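Q: Below is the structure I would like to discuss, written out as structure tokens.
In the working numbering, the protein residues as written are 1 to 473.
Structure follows, in structure tokens:
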């Protein structure tokens, strides 16, 4: 029983719960902001009612998700103070700058212009009103960069000095912090993945309605948009992921080794990538695997004869540098999270490519099972991004800040296991309630579909143009 009341274990569980739950809303907010901006731009340029309908329809989903994301994000701030005070004290001076930028430049930008976008339909000129949603999109993307820059410091600390007297890291170069190689590589990979999540939702929603032969005039263009968005964002995510793996091999060799469960340093053909592996329960010994020769070497070094360091070799090096301890992450989590991320990502890109082919040939009308496959686009894209985030954070263990602060040293010293357990239960119950509310609100909006007539426009019988009138969300 005492093990279950370990403050470190419970703090990690609580952080995992709140972070993954909050992360549900982040990619969808970023992707939906761009989606709404594109549909509204199409309406402003063409005056076609279907684009205005799609703007309002996906705008409702965006607003529901944005509101829930703000609520769950606030909990993160409290959690750092409650359970991770030593960590907060150690990185506070470094994190202050990017988080201040995120709050002032990004979040305030979003908060200000989202109000103008909601209430400015009948008060602002069309193009000015359109600019507000693009500024919201810019703010959400900028917010992601500043958060990733802060997270990159945990993966690869740069631009700091250690104040031994105060026992903390202090920022010496904001430029180095914001241009951390991990941040520069992770940012495009993350943003394009957010667009994939948004595309997955669009595909799923459109397929659900089209399978029921409803809202054809709006859902068919939405489906094509989602399919193209998935293919383009998917290819961009793959290319950005390749660059991220290259940087990861340089500055986080243990994470790369853990992603492959590579225990011994390998070169060339021996540095193979295992598509599927069966091993012993401890993950140390391989029983069976399907491998692609040279691929791990290429992913890590962009050469077919490059050397990839193994877990055992790196463990020995870290013991020499950092002292006794186990510096290996949980191998089975990193190994399978990495593969689920890649596998699910490739799967829904292929679904989108197939969807473009079948919609072009008209095969969807004779093969209704295709709609059932398409409806799974959103769960696949969301799960792919979630396990990718799990890999990113779990692959860093046992460090909170690599080489500087271990996870066990960042826990609040004055908090007991019972106190953390109580807050963990409360957060779980509250998040469960919020999840039900979020799901029902979005499900209701999705099932209703876009209004048959534009909510914020009246189509002229003579000109076919949409006139600007009031919209209330």
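Just so it is clear, CB atoms sit at the ideal spot from N, CA and C, and this is done for glycine as well.
Keep in mind it's a predicted model, so treat the numbers as computed, not measured.
Straight-line CA distance for residue 211 to residue 57?
A: Rounded to the nearest angstrom, the two C-alpha atoms are 18 angstroms apart.
Q: I'd like the list of long-range same chain contacts for residue 273, defined as Cβ closer than 6 angstroms, with 5 residues on each side in sequence excluded.
A: Correct list, in chain order: 292, 295 and 296.
Q: Going by DSSP in three states, residue 262 sits in which element: helix, strand or coil?
A: Looking at residue 262 - three-state DSSP - the assignment turns out to be coil, as it is neither helix nor strand.
Q: Quick check on this structure: which residue in 149, 201 and 22 has the alpha carbon closest to the alpha carbon of residue 381?
A: With distances taken between Cα atoms, residue 381 lies closest to 201.
Q: Does the beta-carbon distance from residue 170 to residue 86 come in below 8 angstroms?
A: No, these two residues do not count as a Cβ contact at 8 angstroms.
Q: Would you tell me roughly how many angstroms separate the C-alpha atoms of residue 311 and residue 182, rounded to the nearest one?
A: Their backbone Cα atoms lie some 21 angstroms apart in a straight line.
Q: Decide if residue 418 is buried, meaning its Cβ has at least 16 other Cβ atoms within 10 Å, or exposed.
A: Answer is exposed; the Cβ neighbour count stays below 16.
Q: Can you look up residue 273 in the DSSP assignment and give me helix, strand or coil?
A: Note: residue 273 maps to strand in three-state DSSP.
Q: Is residue 398 near residue 407, with beta carbons less than 8 angstroms apart?
A: In this structure, residue 407 lies closer than 8 angstroms to residue 398 by Cβ.
Q: Considering only C-alpha positions, which residue in the set 429, 4 and 32 is nearest to residue 225?
A: Measuring from the Cα of residue 225, the nearest candidate turns out to be 32.
Q: Measuring alpha carbon to alpha carbon, tell me which of 332, 158, 50 and 157 ends up nearest residue 395.
A: With distances taken between Cα atoms, residue 395 lies closest to 332.
Q: Compare the beta carbon distance of residue 90 and residue 410 with 8 angstroms and say whether it is the shorter of the two.
A: Cβ distance < 8 angstroms, so residue 90 and residue 410 count as in contact.
Q: For residue 396, which beta-bridge partners are listed by DSSP?
A: In DSSP, residue 396 forms no bridge with anything.
Q: Who are the Cβ neighbours of residue 185 in its own chain at under 6 angstroms, not counting the five residues just before and after it?
A: Excluding sequence neighbours, residue 185 sits near 243, 244 and 247.
Q: Can you find the residues in the same chain that come closer than 8 angstroms, C-beta to C-beta, to residue 435, ignoring five residues on each side of it along the sequence?
A: Result list for residue 435: 21, in chain order.
Q: Of the residues 355, 10 and 304, which one's Cα is nearest the Cα of residue 227?
A: Residue 355 is the option with its Cα nearest to residue 227.
Q: For the alpha helix (DSSP H) containing residue 408, name the first residue and the last one.
A: Segment: none, residue 408 is in no alpha helix (DSSP H) and carries neither H nor E.
Q: Using 8 angstroms as the cut-off, can you tell me whether the segment 298-316 makes contact with the segment 247-258, which would need three or more C-beta pairs spanning the two stretches below that distance?
A: They touch, by the three-pair rule.
Q: Pull up the CB-CB distance for residue 421 and residue 17, whole angstroms please, since I reckon it's below 8 angstroms.
A: Not confirmed; about 12 angstroms, so no contact.
Q: Take residue 59 and list the residues in its own chain whose beta-carbon comes closer than 6 angstroms to its own, dropping the five residues that flank it on each side.
A: Once the five neighbours on either side are set aside, the close Cβ partners of residue 59 are 36.
Q: Quick check: what's the CA-CA separation for residue 299 versus residue 426?
A: Distance between the alpha carbons of residue 299 and residue 426 is about 43 angstroms.
Q: What are the partner residues of residue 401, as DSSP defines its beta bridges?
A: Partner(s): 405.
Q: Would you mind giving the Cβ-Cβ distance between residue 219 and residue 199, rounded to the nearest angstrom? I have them listed as a contact below 8 angstroms.
A: So it is not a contact: roughly 14 angstroms between Cβ atoms.
Q: What alpha helix (DSSP H) runs, 4 residues minimum, are completely inside the segment 329-383?
A: Runs found: 331-361 and 369-375.
Q: Looking only at its own chain, which residues have a Cβ that is under 8 angstroms from the Cβ of residue 524, when we skip the five neighbours before and after it?
A: Given a span of 1 to 473 for the chain in the structure shown, any question on residue 524 remains unanswerable.
Q: I need the straight-line Cα distance from residue 83 to residue 324, nearest angstrom please.
A: Going from the Cα of residue 83 to the Cα of residue 324 covers about 26 angstroms.
Q: Which stretch, first to last residue, makes up the beta strand (DSSP E) that contains residue 162?
A: Run containing residue 162: 160-163, per the beta strand (DSSP E) assignment.
Q: If we ignore side chains and look at the alpha-carbon of each, how far apart do residue 352 and residue 162 end up?
A: Whole-angstrom Cα-Cα distance: 49 angstroms.
Q: Which partner residues of residue 291 appear in the DSSP bridge assignment?
A: Partner(s): 274.
Q: Identify the continuous beta strand (DSSP E) that holds residue 212 and give its terminal residues.
A: Residue 212 -> no beta strand (DSSP E), and no H or E assigned at all.
Q: Apply the 10 Å Cβ neighbour rule to residue 140 and answer buried if 16 or more other Cβ atoms are within range, or exposed otherwise.
A: Buried.
Q: Return the residue from the list 49, 11, 111 and 97 that minimises the CA-CA distance to residue 29.
A: Of 49, 11, 111 and 97, the residue nearest in Cα terms is 111.
Q: In angstroms, rounded to a whole number, what distance separates the CA positions of residue 366 and residue 358?
A: Per-residue confidence for residue 366 stands at a pLDDT of 49, beneath the threshold of 50, marking its modelled position as unreliable; the derived number appears in the next sentence. About 10 angstroms.
Q: Using DSSP's beta-bridge definition, name the partner residues of residue 169.
A: Answer is 162.
Q: Starting from residue 117, trace the alpha helix (DSSP H) both ways and give me its first and last residue.
A: Note, residue 117: alpha helix (DSSP H), 108-119.
Q: Among 175, 263 and 116, whose alpha-carbon lies nearest the alpha-carbon of residue 150?
A: Nearest C-alpha to residue 150: 175.
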